[in-house]
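Input: a single structure, listed below in structure tokens.
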């Protein structure tokens, strides 16, 4: 029993879509480069629903595609899509941090866990966050394995983990759906330059 453990966060649906989807956006830059903004939007909705913050400016009890698109466009100036992508943890933390400040939210801090840290550290941080009910933004840059092609130069949320023997599987949410990925493989990109995780601090949520 001790070898198998599974934990998933409660999330949200919009219609029958799991979380938001950047394909919904009529705005070209948001459609191709809005992943960081959407990772922040989904984080806000999760924090509002399960942690009592008030970050989503529309009706949180009746999430609609139309409101979500409006929310994404409000987030856009903070995490502005750019050709190089939002390719560092700092750009995300700075942009989302500014959004939180503007919404009067002081309850959430953020710290980076860089991709050059060990997979064991990443696993430990991720499990700590999920156990506290917090989603984990993840940035993947280039990856040597073809199977991660859809996640290259991409921001997405990790919202669950499952430990099987010595493997940590993580639940990755993006484009309105989810799949389980091997964290060790995800972490071992094969490149010098890496993304990493953003760890939301929860000293107010304990």
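In our numbering, the protein residues as written are 85 to 290.
By construction, the Cβ of each residue, glycine as well, lies at the ideal position given by its N, Cα and C atoms.
- Counting C-beta pairs with one atom in each stretch, the region 271-284 and the region 196-212 have three or more that are closer than 8 Å, which means they touch.
- Taking C-beta atoms as the reference points, residue 260 and residue 224 fail to come closer than 9 Å.
- A distance below 6 Å between beta-carbons, with the five flanking residues on each side excluded, links residue 129 to the following residues of its chain, in chain order: 96, 140.
- In the three-state DSSP reduction, residue 236 falls in the coil class, being neither helix nor strand.
- Rounded to the nearest whole angstrom, the CA to CA distance from residue 93 to residue 168 is 31 Å.
- Excluding five sequence positions before and after residue 175, the CB atoms of its chain that fall closer than 8 Å to its own CB belong to 120, 163, given in chain order.
- Note that the C-beta distance between residue 114 and residue 160 is below 9 Å.
- DSSP, read as helix, strand or coil, puts residue 243 in strand.
- Inter-residue distance for residue 205 and residue 245 is about 14 Å (C-alpha atoms, whole angstroms).
- Excluding the 5 residues flanking it on each side, residue 102 has same chain C-beta neighbours closer than 7 Å at 95, 257, 260, 261, 262, in chain order.
- If you look at residue 185, you'll find it in the alpha helix (DSSP H) that goes 173-186.
- Taking the Cα of residue 135 as reference, the smallest distance to any Cα among 105, 235, 192, 275 is reached at 192.
- In this structure, DSSP gives residue 97 an extended state, which the three-state scheme calls strand.
- Under the three-state reduction of DSSP output, residue 276 falls in the coil class, being neither helix nor strand.
- Here residue 102 carries a strand assignment [DSSP, helix/strand/coil].
- Straight-line spacing of the CA atoms in residue 233 and residue 243 works out to 20 Å.
- Within 10 angstroms of the beta-carbon of residue 219 lie 16 or more other beta-carbons, which makes it buried.
- According to the DSSP assignment, residue 140 belongs to no alpha helix (DSSP H), since it is labelled neither H nor E.
- Cβ-Cβ distances below 7 Å link residue 109 to 115, 118, 153, 156 in the same chain, with the five nearest sequence neighbours on each side left out; the list follows chain order.
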